[in-house]
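Here the structure is laid out as structure tokens; the discussion comes afterwards.
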Amino acid sequence: PKGSTLIIGALRALIGALAESGRLDEAWTYCQAMNDQMDDQSISQLAGEVAWVIGNVAFMRHDYPEGIKYHERAAKLLSPANDIELWARFNKASAAVRLSSGIVAPETLSAIERAELALSIVGGNKTDQLEVAFIRARWLYLTGDIMAAVDKLREIHAERQALARHTAGEVSLLLGKSLKAAGESEEALVFLEEAQKEFSSAGAQDRVQQAMDAVLEIRLAQRRAAAAEAAAEAS
2 PKGSTLIIGA
12 LRALIGALAE
22 SGRLDEAWTY
32 CQAMNDQMDD
42 QSISQLAGEV
52 AWVIGNVAFM
62 RHDYPEGIKY
72 HERAAKLLSP
82 ANDIELWARF
92 NKASAAVRLS
102 SGIVAPETLS
112 AIERAELALS
122 IVGGNKTDQL
132 EVAFIRARWL
142 YLTGDIMAAV
152 DKLREIHAER
162 QALARHTAGE
172 VSLLLGKSLK
182 AAGESEEALV
192 FLEEAQKEFS
202 SAGAQDRVQQ
212 AMDAVLEIRL
222 AQRRAAAAEA
232 AAEAS
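Each residue of the sequence shown is one higher than the one before, starting from 2 at the first, in this note's numbering.
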């Protein structure tokens with residue numbers, strides 16, 4: 002029958018497996034099939050979870066308009082009254098994926114605010130609190146509020162032992178990039194080199210490369226500045 006939780010469950014498992022293995026176009030085809038299972042009679046909580054999954058696959062495919070569309074639908078359908086913890090998880094994940102995609106829009110800020118509100122209701126552990134604070138710090142950085150981002154990132158960094166190694170690396174990387182943007186190159190290098198080590202331990206080679214690139218940019222700028230200074234003194 003249409004909208005059967007059994008069919009939806011099977012499709013969600015299949016979509017998850019395809020997306021994990023990088024077969025995103027196939028996953029997207031099954032997302033459409035899953036969406037077709039939904040109608041006006043569908044339970045809103047289930048329809049919200051379906052929209053969340055479809056939005057995730059759209060973001061993975063870099064189809065940002067579709068990702069936003071389905072996550073906005075999920076935000077309307079998922080109710081904190083039905084399952085506050087699921088609502089908290091959704092808003093945290095939605096805000097994070099939007100920021101990772103570089104989407105600095107009012108809807109992103111709304112998702113961050115809902116994640117913060119959900120955390121204040123649910124409580125959450127130290128890791129949850131730091132992860133939501135990090136999402137806010139990323140928003141500050143991307144919207145150009147660099148000094149506020151640095152302050153928040155320093156607070157998170159001081160407690161990074163509560164975070165997974167990969168996430169701790171992301172905190173160090175963003176703190177390094179924020180300090181670089183603030184003109185604090187020497188201190189930025191300390192955190193960028195720390196990020197390299199954390200990403201390396203977590204086996205995240207693509208992020209190691211990103212941290213190395215940021216280090217090289219600073220070193221190159223320092224070398225150019227030193228050469229310009231030497232040339233000015235010589236003349």
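Beta carbons are placed, not taken as given, at the ideal position from N, Cα and C, and that holds for glycine.
How many Å lie between L100 and N92 at the Cα?
Computed Cα separation, rounded: 12 Å.
Apart from the five residues on each side of it in sequence, which residues of its chain come closer than 6 Å, Cβ to Cβ, to L193?
The answer, listed in chain order, is G177, A212, A215, V216.
Please state the DSSP three-state secondary structure of N57.
In the three-state DSSP reduction, N57 falls in the helix class (H, G or I).
Classify N83 as helix, strand or coil using the three-state DSSP reduction.
In this structure, DSSP gives N83 a state outside helix and strand, which the three-state scheme calls coil.
Identify whether Q38 lies in helix, strand or coil by the three-state DSSP scheme.
coil
With DSSP as the reference, label I157 as helix, strand or coil.
helix
Entirely within the segment 111-169 and at least 4 residues each: give me those alpha helix (DSSP H) ranges in chain order.
Within the segment 111-169, the complete alpha helix (DSSP H) runs of at least 4 residues are 127-143, 147-159.
With H, G and I counted as helix, E and B as strand and the rest as coil, what does DSSP make of E187?
The answer is helix: DSSP assigns E187 an H, G or I state.
Within this structure, are the beta carbons of V209 and L180 separated by less than 8 Å?
no
Between which two residues does the alpha helix (DSSP H) holding I9 run?
Boundaries of the alpha helix (DSSP H) harbouring I9: 6-21, taken from the DSSP string.
Is any non-hydrogen atom of the ligand ADP found closer than 7 Å to the C-beta of M61, if you look at the structure I gave you?
This structure simply doesn't include the ligand ADP, nor any ligand for that matter.
How is H72 classed by DSSP in three states: helix, strand or coil?
helix
Measuring only the C-alpha atoms, how far is W53 from A228?
53 Å
Take the Cβ of G68 as the centre, count every other Cβ of all protein chains shown within 10 Å, and call the residue buried at 16 or more, exposed below.
Taking every protein chain shown into account, the CB of G68 has 16 or more other CB atoms within 10 angstroms, so this residue is buried.
Have a look at L131, E117, S102 and flag the residue whose alpha-carbon is nearest the alpha-carbon of W88.
E117
Are M39 and L12 closer than 8 Å when you measure CB to CB?
Note that the C-beta distance between M39 and L12 is not below 8 Å.
With DSSP as the reference, label D26 as helix, strand or coil.
helix
Roughly how many angstroms separate the alpha carbons of Q162 and K3, rounded to a whole number?
47 Å
Please state if the CB of G170 and the CB of E203 are separated by a distance shorter than 8 Å.
The identity of residue 203 in the sequence shown is Ala, whereas the question assumes Glu. Yes, Cβ-Cβ distance for A203 and G170 is below 8 Å.
Pull up the distance between the alpha-carbon of T30 and that of I55, whole angstroms please.
10 Å
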